[in-house]
Amino acid sequence: LEIMSPVVRRFVAISDPTPAGLEPVDQSLVSAIPGGATAPVRWWNAFNQRALSNEQSKFYAEWLSAGSHTVTYYAQAKFAGEFMALPAKVESMYSDGVFATTKPATVRIESGG
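Here the sequence shown stands for residues 1 to 113, where the numbers follow the working numbering.
Dropping the structure here:
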């Protein structure tokens, strides 16, 4: 997820609904990432708090500098099929009306066998 903020923000949250067929994977559990395709966990990242679940992945930043920010996480395919990816939302937790969403998308998972 890429976030662009023209100004400094405080207390920012991202919510990304998990499409059916996928399960978020905690990248700090390196052995859980197939093929070892991992990026190092960066504790200095503005979004330093996260909560991953089958329903949605959430990321939090107490302070977000102006500019571009990227949040990356891994998801493991669990079921083959075509699934709806609902919009992700970034918002200021304590300022009503300050938010943005992505466009909905479709995720296709093909069986490997």
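Where a beta carbon is used, it is the ideal one built from N, C-alpha and C, also for glycine.
DSSP state of Arg42 mapped onto helix, strand, coil: Confidence in Arg42 is poor, its pLDDT being 47 and thus under 50, which makes the residue's placement unreliable; the coordinate value appears in the next sentence. Three-state result, Arg42: coil.
Same chain, Cβ closer than 6 Å to Met93, five either side skipped, listed in chain order: Non-local C-beta neighbours of Met93 in its own chain, meaning closer than 6 Å and more than five positions away in sequence, comprise Phe11 and Ala13, ordered along the chain.
Distance between Met84 and Lys78 (C-alpha atoms, nearest Å): Straight-line spacing of the CA atoms in Lys78 and Met84 works out to 15 Å.
Per-residue DSSP class, three states only, for Ala20: Coil.
Exposed unless 16 or more other CB atoms sit within 10 angstroms - verdict on Pro104: By the neighbour-count criterion, in which a residue is buried when 16 or more other Cβ atoms sit within 10 angstroms of its Cβ, Pro104 is exposed.
Same chain, Cβ closer than 8 Å to Asn54, neighbours up to 5 away in sequence not counted: Thr18, Glu23 and Pro24
Cα-Cα separation, Ser68 to Met4: Cα to Cα, Ser68 sits roughly 4 Å from Met4.
For Ser68, the first and last residue of its enclosing beta strand (DSSP E): Gly67 to Thr70
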